[in-house]
Structures are given as structure tokens and as C-alpha cells.
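First up is the structure itself, then whatever we jot down about it.
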Amino acid sequence: MPPAAALLAWYDRNRRHLPWRAQTGEAADPYRVWLSEIMLQQTTVAAVIPYYGRFLTRFPDIAALAAADEAAVMAAWAGLGYYARARNLHACARAVAAAGGFPRDLAGLRLLPGIGPYTAAAVAAIAFGVPVVPVDGNVERVVARLFAIADPLPESRSRIAAAAATLGGDAAALARPADFAQALFDLGATVCGPAAPLCTLCPWRDDCAGQRAGIAASLPRRAGRKPRPLRHGVHFWLADGAGRVLLRRRPPRGLLGGMTELPGTPWRPQPWTAEEWRRHAPMPAPWCVAGTVRHGFTHFELHLTLMAAEVAAIGVSGFLRPITALPDEALPSVMRKCAALRVPALRRAGDA
Ligand code: SF4
93 MPPAAALLAW
103 YDRNRRHLPW
113 RAQTGEAADP
123 YRVWLSEIML
133 QQTTVAAVIP
143 YYGRFLTRFP
153 DIAALAAADE
163 AAVMAAWAGL
173 GYYARARNLH
183 ACARAVAAAG
193 GFPRDLAGLR
203 LLPGIGPYTA
213 AAVAAIAFGV
223 PVVPVDGNVE
233 RVVARLFAIA
243 DPLPESRSRI
253 AAAAATLGGD
263 AAALARPADF
273 AQALFDLGAT
283 VCGPAAPLCT
293 LCPWRDDCAG
303 QRAGIAASLP
313 RRAGRKPRPL
323 RHGVHFWLAD
333 GAGRVLLRRR
343 PPRGLLGGMT
353 ELPGTPWRPQ
363 PWTAEEWRRH
373 APMPAPWCVA
383 GTVRHGFTHF
393 ELHLTLMAAE
403 VAAIGVSGFL
413 RPITALPDEA
423 LPSVMRKCAA
433 LRVPALRRAG
443 DA
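Here the sequence shown stands for residues 93 to 444, numbered as in the working numbering.
If you want it as C-alpha cells, here you go:
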């Protein structure tokens, strides 16, 4: 069994300094741990860091977040994607504030909105020192390699979780559950990465079955993924002579619920003909193609065409915002990409 003490000694020398982490010897703040874990779901550390800093400045503690309007929370979240997370985050903050604090055990954490088994384990271990091993993608990869688990994901998930739990049963891990969990995260993020693992730097190289068998880099294996279906849509940039653009709010529930968008067609498998999309345009206008946008959602790939027109006055329903105020709107990434075709300052690194 790979010894926890070796990993913890490596962690003490090599731990990542992340803004939500307690310094050595400090008690972790459950609010910061929980907030970072929700933000990190489906999102990289590098992408989360600037959002986390801005969010914490705006909502410094659970009481501030619980007291905020949902619209303010959604605006602070805009761009991070998976917006159900933001709605659940807000509902969870209200539940925790009403209860006077976070529950300190797995079962209590699981009852809160937006907290699944992994997040409950991460918060319990890191914030409250519960001896449990949270298994995220990094830990899954490390454990599959350590134990040479070659069955493909997702079927191998329960086997990997059982093997991870045995690692946490070591006396050294039981003595430092928060550090052990974070040490596993850091090993997966920095040494045992998704591409070639850096086994010569690994504190567990002598105990790693995947490394000994020469198959580590190929693990974990995954069952073949089906290609995501493609959907098409057309959205409209309609600006007036006063420098304002027409926006609308999406329905409160469902995909991108409650977020702001440019008016547009539904998204469907077939491309839209000009005759069809004109029926969804907010008003007759001299529409020109402003560009196209690709965006990947979990279950489908979206291709959008942006049509643009400028008119003297907009006399249709929706709401008008100064174009200069768009950075403060709760625009989801896909809409920010569309708007960036007209306002290049809205473009972010990595936008397709
Ligand atoms: S020895 Fe290599 S493959 Fe095994 S856990 Fe360490 S870095 Fe990963």
C-alpha cells in the first residue's frame, strides 16, 4: 500500500498555494472551501482563480451571499458556466445562514442544495477534518494508476473509489485528513497529470503498480464517447442610435436559466434558412451577418450565427442596455462570445 506519510511529506514541500486554501497551521474557512469546490466543478483552477477573487470581494461570507439578490449572484457568476451551480450556491448559502453554519458531517452536507457526494467529502475533509477521501478527476487518475486499474471509466468508478478509501485508512492519513485530500489533489494536478505522468518526481513511484507495469500513462481508460449532437441557432444584435443593444432574459429554469441573452431563434438540429430566422428577428431591419460562434455544452455542440443591425429606435419588447455596460451583464459565455463579435473587448482567452 502506498504510504500516506510519503505523500504528506511531499505535500509539505510542494503544496500549491491557492487563494481558498488555509496557510499551514491555519484553520480552513468552510465558506471558502465550499465556494471554491462549487466553482471548480467542471472548471479549471486557472479559470476559477479570478472569479473566486471577485466573488469573495463582493460576497465575503455566507451571510453576505445569503442576503444578496439572485440577479447579483448570477451576474458575479456569469462566464463560469453551468449556471444551475450558481442558483444552488445561493440556495445553499441561505440554508446554511438560516441554520447558523455548515453541518460538519457528510450526511448533513449532502442535504444542502448543490452538494453531491464529492463536494460533501471535499468540504468535510478539508474544512472539518473528517477522515474521508474525496475522489475528483485528479484523484481518480492517480488511484487508477497506483492500483493499475485498467477497466474503463465509468464502470471502474466504484472500484477506484474503494481503492481511494483504502489509501485514506492509513494512520498518517487519518491524522491529517484535510492535508491528505489536498495532497492527492496536488499530486494529480502537478505530477500525475493527464498527459505523461512525471513518475521520477513522485513520492509513490516505488509503490505504483501502473508505473511498474509501464501502463500508467494510458490510465485511466475510458469507454468510447459518442460524438455530441450539433445544434444551430441565430441570434440578433440590434443596436439603436443611442448606443444601446436589445437583450432579453432567459426563462428562470432550464439551460442558462435566468441569464441574459441576445434575442434569437431556438436551438435545433437543422440550420436555419433566412426565411425561417427572419420570423424570429425582433423587428424588420437591414440584417447583416456579423460572424459565427461555436460553443460546447455538456450534451451538445452549438453553432450560432450572429445577425446585426443598427436602427434609429428600437420599439419592441426586451430590455435595452448601453453597449458599454455589457461587461456587467449576466451574459453566459456563449452570449459573451456572440457580443464579442461586435465588442472585441468582451473576448476572453480561449474563446472559439
Ligand atoms: S508513480 Fe507515476 S503514475 Fe504512479 S502515481 Fe506517481 S506519477 Fe502517477
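Note that beta-carbon positions come from the ideal geometry of N, C-alpha and C, so glycine has one too.
Asked	Found
My output table needs one value for A401: the three-state DSSP class, helix, strand or coil.	strand
Give the C-beta separation of G364 and L394 to the nearest angstrom, bearing in mind that I take them to be a contact with Cβ-Cβ under 8 angstroms.	The amino acid at residue 364 is misidentified as Gly; the sequence shows Trp. That pair is no contact at about 13 angstroms.
Please enumerate, following chain order, all residues with a beta carbon closer than 7 angstroms to at least one heavy atom belonging to the ligand SF4.	V234, R237, L238, L279, V283, C284, P289, L290, C291, C294, W296, R297, C300, G302, Q303, A308
Whole-angstrom Cβ separation of L338 and L330, contact assumed at under 8 angstroms?	4 angstroms
Starting from T282, follow the beta strand (DSSP E) in both directions and report where the run begins and ends.	Looking at the DSSP string, T282 is not in any beta strand (DSSP E); the run it does join, the alpha helix (DSSP H), is 269-282.
Do D271 and Y123 have their C-beta atoms closer together than 9 angstroms?	no
Just to confirm the assignment, what range does the beta strand (DSSP E) spanning C380 have?	380-388
Let's test the definition: count the other Cβ atoms within 10 Å of the Cβ of L433 and tell me whether it reaches 16, buried, or not, exposed.	buried
Could you work out which residue in M93, L99, P94, P95 is closest to L279 when comparing CA atoms only?	L99
Between which residues of its own chain and T258 is the CB-CB distance below 8 angstroms, once the five residues before and five after are set aside?	M93
Is the beta carbon of A168 less than 9 angstroms from the beta carbon of Y143?	yes
Under a Cβ-count criterion, where at least 16 other Cβ atoms within 10 Å of its own Cβ denotes burial, should L438 be classed as buried or exposed?	buried
Can you name, in chain order, every residue of its own chain whose Cβ lies under 6 angstroms from the Cβ of C294, other than the five neighbours on each side?	V283
Across which residues does DSSP place A331 in a beta bridge pair?	V337, E402
Suppose only complete runs of 4+ residues qualify. What are the alpha helix (DSSP H) ranges in the segment 350-377, listed by chain order?	366-370
Where do the N-terminal and C-terminal ends of the beta strand (DSSP E) with P414 fall, by residue?	411-414
Run through the DSSP bridge pairs and tell me what H395 is partnered with.	H324, R386
Going residue by residue through the segment 195-224, where are the continuous alpha helix (DSSP H) segments of at least 4 residues, counting only ones entirely within it?	198-202, 209-220
Can you tell me whether DSSP reads L433 as helix, strand or coil?	coil
Please name the residue, chosen from D332, R146, F389, that lies closest to V403 on a Cα-to-Cα basis.	D332
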